[in-house]
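Structure, as structure tokens:
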Amino acid sequence: MKILVLLLTLAAACASQLAAVARPNLLVIVGDDMGYADVGFHDSKDIPTPHLDALAASGVRFTNGYVSGPYCSPTRAGLLTGRYQQRFGHEYNSGGAGGGLPVTETTLADRLKAAGYATGLVGKWHLGASAAMHPQRRGFDEFFGFLGGAHSYVSSDGLLRGTAPAGAVGYLTDAFGREAVAFVEKHRSRPWFLYLAFNAVHTPMHADDARLAKFSGIADQRRRTYAAMMLAMDDAIGLVRRKLAETGQEQNTLVTFISDNGGPTMVGVTVNGSTNTPLRGSKRTTLEGGVRVPYVVSWPGTLRPGVFASPVIQLDLHTTALAAAGVAVKPEWKLDGVNLLPFLRGDKTGAPHAALYWRFGGQMAIRAGDFKLVRYDLAADGASGLSDVQLFNLHDDIGETKNLVAAQPAKVQELQAQWERWNVGNIPPPIGEASDPTAKVRKKGAQKKQP
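This is the structure in structure tokens:
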């Protein structure tokens with residue numbers, strides 16, 4: 012009997028180890044304030060991104076990939092919770108109560124850590140600077156980076172390893188690449204989750220001389236610096252992917268890549284030299300240029316490379332990662348994201364979402380099928396105030412140039428009602444300029460027009 016018990020115990024232990032080996036590593040990469048047009052797989056002509064292009068070629072490229080807001084912190088909150096950030100009051104960079112991601116919310120790191128994953132964050136947090144909101148209190152075993160929304164690329168002031176100053180590290184994007192490589196090497200014997208959250212290519216515009224020299228043909232200084240910063244991020248991603256291959260982890264690692272919002276191109280934002288062509292609009296607007304982003308999912312050996320055309324959102328990456336890790340989603344989590352794996356494997360057909368939704372202060376949008384209803388900040392057009400509601404068919408008009416409101420009033424009514432039903436489940440947005448960044452932009456625009 013004792014021998015039987017021993018054998019059963021050993022069998023259970025072996026099964027547990029095999030299950031752990033079978034679970035994929037999860038690498039979630041986020042770029043910051045990237046222009047939609049500024050990667051090779053979106054036909055960039057002046058900025059080479061060979062490593063991002065290779066990642067896209069190895070996996071699925073989403074031609075209608077979105078984020079749930081046009082601003083840095085809210086979309087990161089949505090990514091890590093798998094929920095529209097308006098559900099819990101994180102509509103702007105100031106976050107919810109307490110100035111960050113509310114502690115009532117559970118993160119992807121929390122869930123994966125509970126499932127036995129090693130968890131790490133390298134890069135930008137921007138979800139609260141208080142002790143209660145520190146990454147290592149939100150599910151991350153390890154943290155190397157900074158807590159705020161922007162950071163110098165050449166100074167280490169404010170850079171942390173855990174809760175202690177990190178010391179001098181050199182050019183910041185390169186440092187993030189090295190730290191990510193070290194994490195991948197360190198945890199190669201167990202399943203891991205790494206959130207690699209670059210601050211490139213957010214301002215301040217700092218590039219190293221060697222990379223700047225490679226873009227001497229770009230006349231505009233800001234664009235030249237931006238190109239060098241993009242190249243640095245691409246180089247760092249290449250280092251991480253090379254380490255995955257060297258350590259035999261490439262086939263067992265699910266890698267995702269997005270930008271946190273569109274490129275900032277309009278007056279009143281921290282313009283960085285990005286380009287959103289062929290999209291209209293900018294960061295801080297609900298036009299396509301603010302919320303449609305480069306979006307890639309790669310899992311060599313499991314997902315066949317290709318292109319996916321149905322609209323998806325960054326919230327889906329949370330649910331997809333949980334599914335890949337074998338973590339069952341509970342109804343009480345109230346996730347808004349969809350598991351994309353059945354669609355990417357061909358087990359499911361059709362669109363993952365009936366509609367996608369946005370609210371950013373007075374701005375709003377809904378996309379259902381090819382149609383998008385939107386109200387946006389007129390600063391995108393060099394004016395002030397908010398636009399009237401406009402309707403576009405994105406299949407025929409990706410640049411949102413042909414307003415169909417007069418031609419299709421029934422569609423306008425349908426989408427407006429659908430958006431309002433979604434909005435019932437949200438916390439009302441904070442009121443006033445202290446909370447609403449679009450109000451600040453509108454006020455600046457109005458002041459400039461005064462005689």
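My numbering applies: residue 12 is where the sequence shown begins, and numbers increase by one.
The beta-carbon is built from N, C-alpha and C at its ideal position, and this holds for glycine as well.
For residue 376, the uninterrupted beta strand (DSSP E) segment begins and ends at 374-379. Burial check for residue 436: the Cβ neighbour count within 10 Å stays below 16, so the residue is exposed. Separation of the CB atoms of residue 104 and residue 161 is rounded to 10 angstroms, and the pair is thereby denied contact status at 8 angstroms. Where residue 425 is concerned, the enclosing alpha helix (DSSP H) starts and stops at 420-434.
Taking all protein chains shown into account, residue 146 has 16 or more neighbouring C-beta atoms within 10 Å of its C-beta and is therefore buried. With contacts defined by Cβ atoms closer than 7 angstroms, residue 239 and residue 223 form a contacting pair. Every beta strand (DSSP E) stretch that sits fully inside the region 241-279 and reaches 3 residues is listed by chain position as 264-270. The shortest CA-to-CA distance from residue 319 to any of 34, 73, 122 is the one to 73.
Secondary structure of residue 99 (DSSP, three-state): helix.
The region 204-221 makes contact with the region 229-249, as at least three CB pairs between them are under 8 angstroms. Boundaries cannot be given for residue 170, as no alpha helix (DSSP H) includes it and DSSP labels it neither H nor E.
When the Cα atoms are used, residue 366 and residue 78 turn out to be separated by approximately 13 angstroms.
It is roughly 24 angstroms from the alpha-carbon of residue 439 to the alpha-carbon of residue 349. The region 401-408 makes contact with the region 381-388, as at least three CB pairs between them are under 8 angstroms. In the three-state scheme derived from DSSP, where H, G and I count as helix and E and B as strand, residue 136 is classed as coil. Around the Cβ of residue 232, a 10 Å sphere holds fewer than 16 other Cβ atoms; the residue is exposed. By the neighbour-count criterion, in which 16 or more other beta carbons inside 10 Å mark a residue as buried, residue 412 falls on the exposed side. Less than 7 angstroms separates the beta-carbon of residue 136 from that of residue 158. When beta bridges are read from the DSSP output, residue 203 appears opposite 129. Linking residue 307 to residue 420 through their CA atoms gives a straight-line distance of about 35 angstroms. Per DSSP, residue 38 is one residue of the beta strand (DSSP E) stretching across 36-42.
Every beta strand (DSSP E) stretch that sits fully inside the region 292-339 and reaches 3 residues is listed by chain position as 306-309, 317-319.
Counted as a single uninterrupted DSSP element, the alpha helix (DSSP H) harbouring residue 196 occupies residues 183-197. Ranking 410, 328, 315 by CA distance to the CA of residue 68 puts 315 first.
Shown here for residue 57: same chain residues with a beta carbon closer than 7 angstroms to its own, the five before and five after excluded, namely 229, 238 in chain order. In the three-state reduction of the DSSP assignment, residue 149 falls in the coil class.
Beta-bridge pairing by DSSP links residue 370 to 375. Linking residue 87 to residue 122 through their CA atoms gives a straight-line distance of about 16 angstroms. Taking each of 48, 38, 39, 151 in turn and checking the Cα distance to residue 410, the smallest one comes out for 48.
Boundaries of the beta strand (DSSP E) around residue 386: 382-386.
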